[in-house]
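Below is one structure, written out as structure tokens; comments come after it.
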Amino acid sequence: MSYCLHFFSFSILHVIVVSNLCIGIDSSTSLLYVICLEDIPICQLSDSIELDIDYHWLSLFSPISTNDLTAYGSILSPDLLSWSVCTDDVSGSSAEYPDRVSMMEGRLQAQEDEIMLLKSSLADALRRLRLHDQLIPLLKQQIIDALPEGMSLTEEARAKFHHIQGLELEEKDEEGEEKDLSWASSVEEAIHPTAIRNLQRDDLQDPNGSTESLSSASQTPISGSPAPPKDLSASPRSGPLSTILEGKKKPLCVSCLTLFFTLSHWLTGQSIKMFIRGRPITMYVPSNIQNYEDLRMEPPVEKLELDWVYGYRGRDCRANLYLLSSGEAVYFIACVVVLYHINNRTQRHYRKHTDCVRCLTIHPDKVRVASGQTAGVDKDGKPLQPYVHIWDSSTLITLQQIGLGTFERGVGSVAFSFADAGAFLCVIDDSNEHMLSVWDCAKGTKHTEVKSTNEAVFAVEFNPSDSTNIITCGKSHIYFWTLSAGSLTKKQGIFGKYKKPKFIQCFVFSLTGDVLTGDSEGNILTWGKSPGDIKTLGKGAKETFQIMRQTRAHDGSVFTLCMLQGGALLSGGGKDRKIIRWSADLAPERECEVKDAYVNGEEVLVGTTRNAILRGTFSDGFVAIVQGHVDEMWGLATHPSQDVFLTCGHDRQVCVWNTAEHKLDWCTTLEEYGLCADFCPNGAVVSVGLSTGRWLVLDLQTKEVISDYTDGNEQLSVMRYSPDGSFLAVGSHDNFIYVYNVTECGRRYSRYGKCNGHSSFITHLDWSKDGKYIMSNSGDYEILYWDVAGGCKLLRNRYESKDREWASYTCVLGFHVMGVWLEGSDGTDINALCRSHSERVVAVADDFCKVHLFQYPCPKPKAPNHSYEGHGSHVTNVRFTHCDSHLLSMGGKDTCILQWEVKRAGTSDGGDRGKETLRVNLITFYWSHAPSTTGEEDLTVKSLHTYQF
């Protein structure tokens with residue numbers, strides 16, 4: 004049933020009525036309205052109705068542009084939407100819905116989303132009612148003041164005033180029962196007292212001195228933020244309404260209505276509305292912006308340059324720590340391959356990969372490097388193609404890109420040939436068949452390709468003396484491949500009378516040409532060629548690869564083997580965490596754990612499952628040269644006056660780092676994992692919020708916990724000290740902000756109050772520069788303001804906060820950072836942002852592995868910016884150091900911390916990095932565990948390599 008609804012004699016809606024719900028489209032503005040007729044049964048409505056709107060039974064939801072109806076699909080149930088399109092199409096046949104249970108589940112989920120959004124819309128409607136109620140007395144007084152002297156209202160005008168709800172000339176009884184607006188407490192706002200005075204603009208008067216009607220002015224759409232009204236020198240009674248009454252002699256009630264609509268349009272012009280997942284977010288334009296439309300957004304002058312990478316991917320990768328001829332250790336984390344000069348303590352970075360690096364190998368010349376990456380997805384969810392890069396470690400120039408469009412999912416293992424000086428590269432991808440391919444390194448072309456196995460493949464290597472022989476090993480197999488006439492043929496190793504292990508973890512070639520493997524049973528197996536059994540298989544029997552000897556080596560898996568000069572062998576164990584030295588005939592000579600010492604004279608690099616790299620000798624002990632987190636990170640805070648920052652995450656580690664020396668100062672382990680942190684302005688203590696509602700205060704000098712508090716039982720998402728350090732605000736997932744008094748230099752805390760008004764969990768908050776107010780964001784995209792000095796009260800009038808200055812800006816929603824949001828963002832695309840202390844730029848951490856740098860303020864959509872890659876997971880947090888010299892960014896699952904140097908355009912480092920040669924026998928160990936394959940949780944040695952320079 005279709006109706007024409009008349010609102011104060013202005014036909015504004017064409018509606019469709021379902022039950023007691025009206026859904027209509029404004030024919031003039033193309034806005035979609037939802038109106039709830041609460042007290043009028045549908046059966047009493049005729050085909051054409053004219054209603055005077057009574058605010059006691061009308062709920063007017065936020066207008067929705069019909070162009071954005073797709074984004075608002077979850078507001079209305081699928082039934083209502085289909086009804087509004089075609090009322091005759093009631094339902095489809097059963098053949099159209101073969102799975103009705105699935106359809107009903109989807110409809111139930113849609114209706115749950117509808118209920119949540121309707122609640123938000125209802126709160127917004129109540130806020131608007133409150134706004135109108137507060138507007139009426141001001142509007143009434145303005146109309147009376149605008150009347151010419153000696154003129155009074157006629158009885159007809161009085162009657163019409165009575166006809167309009169809230170515009171009666173009689174005073175309201177203010178002692179009545181107060182309205183219950185608790186549902187709208189989080190979104191209510193009042194009109195600024197100067198709003199009506201600002202309506203008296205002289206821009207409605209034409210050059211000839213005649214005046215336009217306010218109704219015509221109200222029909223002109225106002226876009227952006229208009230210039231502030233000029234200050235009139237006329238008397239208070241010389242407003243536009245007075246001129247209209249004298250010139251046009253229009254009825255007072257019509258002038259009153261036109262003034263009402265003019266006021267509504269003027270207020271709309273002072274605010275900007277953006278939509279996230281169907282929810283409108285209103286942000287008010289500051290007074291210092293004269294014309295919003297004329298604002299020009301430029302990319303910032305500052306740029307970022309990667310300075311340091313903290314961390315190492317040792318937890319789930321193999322054979323990823325090597326030493327180059329330059330004396331640099333090469334390893335990877337996230338999308339960056341790091342070249343760390345051990346003696347000079349400097350880093351260089353190869354950054355041509357678009358997703359996480361998974362494998363690494365070095366050329367026989369110890370200069371060229373091959374690295375392979377995962378496929379990954381772009382920001383639209385489309386898969387990216389994996390590939391292998393061959394690059395020069397001295398110049399960081401990419402020499403070849405191998406396999407673009409060939410590999411599936413990612414590259415699992417790579418290996419150079421040795422007998423022909425690295426002419427070929429063998430690659431195994433992560434597809435179901437684990438395709439094995441051989442590539443010409445000079446031409447970048449594929450030589451041959453074959454399906455390997457459906458089981459997991461752990462390692463691949465060329466025979467160092469014969470490039471036509473390739474070996475792969477993995478789950479329950481070892482294959483011996485022969486490359487001949489452009490094709491690969493394989494032979495499976497025969498276990499014979501020996502127990503077949505579940506995993507062949509690693510292998511190495513002995514000096515005699517035999518193959519030694521380490522398996523999940525803790526044995527070292529010696530493989531050799533056996534001539535064909537002519538007696539059993541007859542003439543033409545082919546040679547086979549069989550086990551020649553079995554040696555018991557470790558308790559648990561043997562994860563790595565390394566052949567030394569002279570034929571000696573090193574093996575790295577599993578549960579026993581031992582390194583054993585074997586003679587050429589596999590007689591044990593020495594054994595030790597890494598933490599134990601014995602005289603060897605060899606320097607060792609050890610990669611561990613704790614994502615650390617250790618350097619040392621068995622006689623002198625080991626020192627960590629690279630350290631990092633081992634699980635997802637979220638908490639990041641920078642010291643207010645020192646080159647220090649703190650990180651915390653799901654690994655329950657709290658780490659304090661030094662940005663100048665690029666090292667870990669200290670680390671402590673908590674009982675629960677930390678999610679947020681902030682330094683006290685005096686720099687002596689730091690507060691860390693945990694996952695259970697607890698928060699701790701740590702002394703930076705003693706590293707001890709000096710305070711322990713609990714607020715609620717849900718995780719804490721933000722900790723923020725006031726600028727003077729007298730308050731601490733704690734944002735929680737229980738929708739509250741807890742405010743504490745801080746005394747004794749940050750060592751004593753007492754509850755001051757609680758900010759109650761958000762309808763979802765707290766995500767971000769900031770303090771004003773005077774320390775009296777808080778701005779906060781929540782999970783349902785609310786922006787609320789709080790008067791802390793006044794008792795943690797919610798500021799109903801958000802308009803009054805438009806010019807307030809903020810000590811920090813980390814809230815992702817706000818007028819000053821509105822431009823950082825991309826079109827179509829779902830509200831979770833931006834995880835964090837941070838304004839620089841100079842208030843020149845704002846850094847953004849997004850969900851697509853990127854760090855962005857915007858000009859500040861950034862209030863217009865599609866603002867230009869600088870974008871930087873390096874992370875291999877969602878970027879969870881960003882922070883500027885105290886002097887804005889560096890920016891810290893933190894990945895989630897990639898456990899990587901990137902330190903960016905902030906540079907003005909045209910500046911560069913220009914320094915030459917020294918190169919030295921490490922003249923020792925160097926052995927690299929790679930420690931890890933494989934709970935997914937063997938169930939062993941202890942640290943294990945997974946790979947060993949030896950180099951002589």
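Under our numbering, think of the first position of the sequence shown as 4, with each following residue one higher. Beta carbons: idealized from backbone N, C-alpha and C, even for Gly.
Own chain residues within Cβ distance below 8 Å of residue i, not counting five before or after
{"i": "residue 781", "result": "738, 761, 762, 763, 764, 765, 766, 787"}
{"i": "residue 470", "result": "420, 421, 422, 423, 426, 427, 486"}
{"i": "residue 866", "result": "300, 822, 823, 857, 858"}
6 Å CB neighbourhood of residue i in its chain, flanking five on each side removed
{"i": "residue 699", "result": "691, 708, 711"}
{"i": "residue 668", "result": "659, 661"}
{"i": "residue 492", "result": "485"}
{"i": "residue 50", "result": "In this prediction, residue 50 has a pLDDT of 37, which is less than 50 and means its spatial position is unreliable; what the coordinates show is noted afterwards. So the list is empty, once near-sequence residues are dropped."}
{"i": "residue 433", "result": "412, 413, 415"}
{"i": "residue 497", "result": "547, 549"}
Per DSSP, cross-strand counterpart(s) of residue i
{"i": "residue 332", "result": "326, 343"}
{"i": "residue 398", "result": "None, per the DSSP bridge assignment."}
{"i": "residue 275", "result": "286"}
{"i": "residue 734", "result": "721, 740"}
{"i": "residue 557", "result": "None, per the DSSP bridge assignment."}
{"i": "residue 376", "result": "360"}
{"i": "residue 475", "result": "463, 482"}
{"i": "residue 778", "result": "769, 788"}
Anticipated Cβ contact below 8 Å, residue i with residue j, distance rounded
{"i": "residue 451", "j": "residue 468", "result": "Contact flag wrong, Cβ pair sits at about 21 Å."}
{"i": "residue 573", "j": "residue 509", "result": "Not a contact, Cβ separation roughly 12 Å."}
{"i": "residue 847", "j": "residue 859", "result": "In fact, because the Cβ distance is near 11 Å, the residues do not count as touching under 8 Å."}
{"i": "residue 517", "j": "residue 530", "result": "6 Å"}
{"i": "residue 677", "j": "residue 703", "result": "Their Cβ separation, rounded to whole angstroms, is 15 Å, which puts residue 677 and residue 703 out of contact at 8 Å."}
{"i": "residue 455", "j": "residue 506", "result": "Actually they are not in contact, since the Cβ atoms of residue 455 and residue 506 sit about 16 Å apart, beyond 8 Å."}
{"i": "residue 723", "j": "residue 770", "result": "6 Å"}
{"i": "residue 742", "j": "residue 795", "result": "6 Å"}
{"i": "residue 878", "j": "residue 889", "result": "Between residue 889 and residue 878 the Cβ distance is about 16 Å, and since that is not below 8 Å, they are no contact."}
{"i": "residue 798", "j": "residue 820", "result": "Going by Cβ atoms, the distance from residue 798 to residue 820 rounds to 20 Å, so no, they are not a contact pair."}
Candidates the options: closest to residue i by CA position
{"i": "residue 424", "options": "367, 106, 432", "result": "367"}
{"i": "residue 617", "options": "483, 283, 334", "result": "334"}
{"i": "residue 393", "options": "792, 409, 419", "result": "419"}
{"i": "residue 596", "options": "620, 362, 385", "result": "620"}
{"i": "residue 629", "options": "594, 864, 332", "result": "332"}
{"i": "residue 807", "options": "137, 116, 288, 123", "result": "288"}
{"i": "residue 309", "options": "278, 349, 300, 316", "result": "349"}
{"i": "residue 534", "options": "528, 546, 525, 527", "result": "546"}
{"i": "residue 624", "options": "609, 613, 895", "result": "609"}
{"i": "residue 436", "options": "457, 400, 499", "result": "457"}
{"i": "residue 749", "options": "683, 795, 803", "result": "683"}
{"i": "residue 754", "options": "396, 478, 777, 729", "result": "729"}
{"i": "residue 756", "options": "714, 105, 637", "result": "714"}
{"i": "residue 850", "options": "840, 868, 829, 841", "result": "829"}
{"i": "residue 290", "options": "284, 279, 273", "result": "273"}
{"i": "residue 305", "options": "472, 873, 868", "result": "868"}
{"i": "residue 474", "options": "407, 520, 105, 359", "result": "520"}
Start and end residues, beta strand (DSSP E) containing residue i
{"i": "residue 628", "result": "624-629"}
{"i": "residue 893", "result": "889-894"}
{"i": "residue 904", "result": "900-907"}
{"i": "residue 593", "result": "591-596"}
{"i": "residue 617", "result": "616-620"}
{"i": "residue 786", "result": "786-790"}
{"i": "residue 508", "result": "507-512"}
{"i": "residue 803", "result": "Here residue 803 belongs to no beta strand (DSSP E), and DSSP marks it neither H nor E."}
{"i": "residue 606", "result": "606-610"}
{"i": "residue 881", "result": "878-883"}
Below-8 Å beta-carbon distance, residue i vs any chain B residue
{"i": "residue 473", "result": "Absent from the structure: chain B. Only one protein chain is present."}
Cutoff 7 Å; reference residue i; Cβ partners in own chain excluding five residues on either side
{"i": "residue 656", "result": "632, 670, 672"}
{"i": "residue 586", "result": "571, 592"}
Any non-hydrogen atom of the ligand GDP within 7 Å of residue i CB
{"i": "residue 464", "result": "By its list of ligands, the structure shown contains no ligand whatsoever, and the ligand GDP lies outside what it can speak to."}
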